[in-house]
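There are 2 protein chains.
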Amino acid sequence: MKPKYKKIDEEKEENDDEDEESLILPASLTAKKSEDFPNWMSQILQLARIIDNRFAVKSMFVWMPYGYDMMLRIKNFWDIQFRKNGIKEMYFPLLVPMKYAQQNDTWWNGFKEQGFWAGQKDKTDFILRPTGEPVMYPMFSLWIRGASDLPLRIYETVFSYRYETKQTRPLIRDREIGPWYEIHTAHATKEDAEKEIELAKVMNDLIWDFIAVKPLMIKKPKWECFAGAEGALEYYTLMPNGRVLENGSLNNLGQAYAKKFNIKFRDHTGQEKYVWQTCTGNGERYLGATLAQHGDDFGLVVAPNIAPIQVLIIPIYNKENKEKIIDKARKIKNILHEFRVEIDEKEESIGSKFYNSELNGIPLRLELGEKELNQKTITAFFRNSRKKTAFKESDLVKEVDLSLKKIQLEMLQKSADELKAAVVEVKNMKDISKIASERKIAKIYWCEEADCYDKILKSNEGLELIGSDLKKAEESSCIACGRKTSNQAYVASSY
Amino acid sequence: MKPKYKKIDEEKEENDDEDEESLILPASLTAKKSEDFPNWMSQILQLARIIDNRFAVKSMFVWMPYGYDMMLRIKNFWDIQFRKNGIKEMYFPLLVPMKYAQQNDTWWNGFKEQGFWAGQKDKTDFILRPTGEPVMYPMFSLWIRGASDLPLRIYETVFSYRYETKQTRPLIRDREIGPWYEIHTAHATKEDAEKEIELAKVMNDLIWDFIAVKPLMIKKPKWECFAGAEGALEYYTLMPNGRVLENGSLNNLGQAYAKKFNIKFRDHTGQEKYVWQTCTGNGERYLGATLAQHGDDFGLVVAPNIAPIQVLIIPIYNKENKEKIIDKARKIKNILHEFRVEIDEKEESIGSKFYNSELNGIPLRLELGEKELNQKTITAFFRNSRKKTAFKESDLVKEVDLSLKKIQLEMLQKSADELKAAVVEVKNMKDISKIASERKIAKIYWCEEADCYDKILKSNEGLELIGSDLKKAEESSCIACGRKTSNQAYVASSY
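Read top to bottom, the protein sequences are chains P and C.
Each residue of the first sequence is one higher than the one before, counting from 520 in this note's numbering.
Each residue of the second sequence is one higher than the one before, counting from 520 in this note's numbering.
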């Protein structure tokens, strides 16, 4: 095992005896995203009613309808991908019997300190699932007998439980994590397991595009992979404060678990062999990433694909024309029935309605008053660019359709551009910390040796070498030892 | 509180120290449904891969893909109903802090013995949710301030946890129960709460039709309702052994919880008032009911609406015509793309394929061999009636569509007929037990007084007076005291 290096700030032990969270919500969005991202995120998640963090159990929160709807749209998209590719949905119980939790000591060492224990009042014989392996794999060993039982390709979407001791943050690090999918597969050969990982990459590409986020993908250093595994790929997303967030991993488990859980099959020659396994998973951090990346000082900017309300119609009226304008707004809502449209009919000022539509990140706002009625137009406000334009009423369906697609693409492009801008190639050791202090990610040449890994981290306290680029580069010199290498790696501060 | 009467057999305390469940699956369906329903149910749930009951935690099981798919189709249907009616989906944490669990003593008395406790290794400060009230209602009291916050109408679909001491049975009584929906609403007036219950009935009518089960609906005796509640309606479904299964309740909670959890609003006059609440819920027992009612000695009979595979094509070939027939089967699958169709291409005998298609309850089986090819027909086998017919190939889409609709309707009608046949009007006390012993439900006149309730149950050991018919009947005499009443009630053996 490699030594652990201290991470920058924030990662302090939590004090569980501290006062209960305040029961008062923030009154308005006062934190600026560029200046104080953690506070901005905390305020906006509550103000836009993504979650309610005032629940009485520390770092467990209530998913509000507006936020849960977004999360379920993401979940629905992954369900479609997985089913289309023949991965079957199942459900495994919440309780992990101690015997199975301890069956793989590498897993157990990673989770035993973070277990929520459960059972009858006076005997807590179980831990609540932190991950699925020890509930799933004992069943795998019952189900798999011969080659015809392979491949076994299943997933479940559940909430998982970890008693986190690091500082918790909603949608980023929670003690109740979910909804979280886990795909687990078993194969007859190593090659089949590798193909499964390739498929997982394809499906993930689609999911990231769906939520308009471009992640960084890396190959983990081999000593950071699960013991006995063949390797692990990992997604990281860029947070507005320049830190990176681990956001789903694709693990080629090799035969490490098969040997612990005795998952074997008889091949066509009658020989008993251990299966080859993969597992992948992710969940609420998808939503955390897209909300963190796209919001601004006015509030959220929600990608059209996941927006519970894609189009909000705000009627602008006075006493005289109220009926006429509301009536027209309802007609327009009907015309736009193929989109998720609502009319804001609340008894509130127009200013307040505009403020809230921006706070909540509604992708497209349609403003409809006397002027628009006379000109047979509708004023459209794009939340992402905050620009206004006029749609001809006769072209409305087409214009709205194109606008939502345009916003979705612009958001993805913005994410890709920001990631590209954040990565800076660095040729010498002392520049690594400088780049990180500028909220950027250092891309370095590294020979993949553990010695150099240690050297790089020791002289860059608080930073992490998260892993290697998947593409080999033109040959150059390792930043630590000068040896020739075509391997490039990323160094950043991570959550 | 009314005394508890002993129920017939089976409800013995479970011995938790008994041997682990056998790890061997039944080899084939040997139990007859009409002779030994519990054993039939246990065999068929495992053989048709609805669940796997070999999980290492007692009365927690694995949902297999075939079974979970059915359950999710039911869930999807209720999601659609709830959303269409403006009920918003949320998610509340799993852990109930002791403080809130104990806030309503009636609730706590009902669940404290059945709690799974949880927490850090040495301090179990929480119980896992047995129902949603104590996690939800502290939040309701934060959210509800004025009349404009009402009605509050939300639901969540989750797994819930009860340490059942009665005998457990998958899909009927489990320690991990789910997926289970709970709708919880809060209203400004009692009338609004009553309207919500009316809407719940409408939505439930649709859900029962969807799964092809006709339930009995009763009004609970007032002393069996939650303390302080206005009343409760309850669905019961008929099990093949004549017992009835409690299958979802519609609870008009009145202000009982509002007062315990301090859920108040200021009305337009500025006065503080407690809200009026309702809650309803159900889950896996929907699936339990439809599978229990419709199966037969050949296996499951799955309603087309919830069938993962609605149509199974079985190609019948020899070495010479194999390619031609498989090719044709694939063409037919494409033609039927709007249905859930699969081809059984396994290397198995036709007999075994037929056996499995019936065991798994596939609604419609299409048989395709040389004869069919020559005649331009397809042989169709209806699982529910076990009758065969020939479809003209040119009419196939229309015939399959009509057949699936017909099967769905026939199954619902069968359920309604069986329920009707099971209910027998009984005029004198000693016939009640006789009717129950014939696997039927006694319908009696009862004056609604507690004295008579006691008398009826005392002389019919093991039976329950589950509640009253919603419709008032023509006046007659109470079976116990002879007083005039137009209230009819049901007496049966219940799960």
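Even glycine gets a Cβ: it sits at the ideal position worked out from N, Cα and C.
Listed in chain order, the non-local C-beta contacts of residue 605/C below 8 Å within the same chain comprise 672, local neighbours out to five positions each way being set aside.
By the Cβ test, the region 740-751 of chain P is in contact with the region 768-780 of chain P, since at least three Cβ pairs between them sit closer than 8 Å.
Between residue 863/C and chain P, the shortest Cβ-Cβ separation is not below 8 Å. With a cut-off of 8 Å on Cβ pairs, the region 828-841 of chain P is not in contact with the region 729-739 of chain P, counting fewer than three such pairs. Counting of Cβ neighbours within 10 angstroms places residue 877/P among the buried residues, the total reaching 16 or more. The three-state secondary structure of residue 636/C, taken from DSSP, is strand.
When only Cα atoms are considered, residue 910/C and residue 818/C end up about 25 Å apart. Under the Cβ criterion of 8 Å, residue 965/C is not counted among the residues facing chain P.
Residue 556/P is not a Cβ neighbour of residue 689/P, given a cutoff of 8 Å. For residue 665/P, no chain C residue has a C-beta closer than 9 Å to its own C-beta; the minimum C-beta separation is roughly 13 Å.
A distance below 8 Å separates the beta carbons of residue 761/C and residue 959/C.
By DSSP's assignment, residue 850/P forms no beta bridge with any residue. Residue 829/P carries a coil assignment under DSSP once its states are collapsed to helix, strand and coil.
For residue 876/C, the uninterrupted alpha helix (DSSP H) segment begins and ends at 869-878. Only those residues of the region 606-631 of chain P whose C-beta falls short of 8 Å from the nearest C-beta of chain C are listed: 607, 608, 609, 610, 611, 612, 613, 614, 616, 618 and 619. Taking a cut-off of 8 Å on C-beta distances, the region 653-671 of chain C touches the region 597-614 of chain C, as three or more cross pairs fall below it.
Within the region 629-653 of chain P, the residues whose Cβ lies closer than 8 Å to any Cβ of chain C are, in chain order, 634, 635, 636, 637, 638, 639, 640, 643, 645 and 647.
Contact between residue 971/P and residue 999/P holds, since their C-beta atoms are separated by about 4 Å, short of 8 Å.
The beta carbon of residue 789/C lies closer than 8 Å to none in the same chain, with the five residues before and after it left out. When Cβ-Cβ separations below 8 Å define contact, residue 582/C makes contact with chain P.
Chain P has no Cβ within less than 8 Å of the Cβ of residue 705/C. Residue nearest to residue 552/P within the set 700/P, 564/P and 631/P is 564/P (criterion: CA-CA distance).
The three-state reading of DSSP puts residue 556/C in helix, counting H, G and I together.
Pairing residue 931/C with residue 740/C gives a Cβ-Cβ distance that is not under 8 Å.
For the pair residue 626/C and residue 640/P, the CB atoms are not nearer than the 8 Å cut-off.
When beta bridges are read from the DSSP output, residue 736/C appears opposite 754/C. Pairing residue 694/P with residue 685/P gives a Cβ-Cβ distance that is not under 8 Å. Under the DSSP assignment, residue 727/P falls in the alpha helix (DSSP H) whose first and last residues are 709-729. Of all alpha-carbon atoms in 712/C, 768/C, 947/C and 616/C, the one lying nearest the alpha-carbon of residue 804/C is that of 768/C.
When only Cα atoms are considered, residue 619/C and residue 795/C end up about 19 Å apart.
CA-CA distance, residue 980/C to residue 872/C, rounds to 47 Å. Around residue 947/P, the same chain offers 998 as residues with beta carbons nearer than 7 Å, after the five sequence neighbours per side are excluded.
Straight across, the Cα-Cα distance linking residue 847/C with residue 907/C is about 20 Å.
Counting along the chain, no alpha helix (DSSP H) covers residue 702/P; the unbroken beta strand (DSSP E) around it starts and ends at 695-706.
Taking 8 Å as the CB threshold, residue 587/C lines the interface with chain P. Under DSSP, no beta-bridge partner is assigned to residue 915/P.
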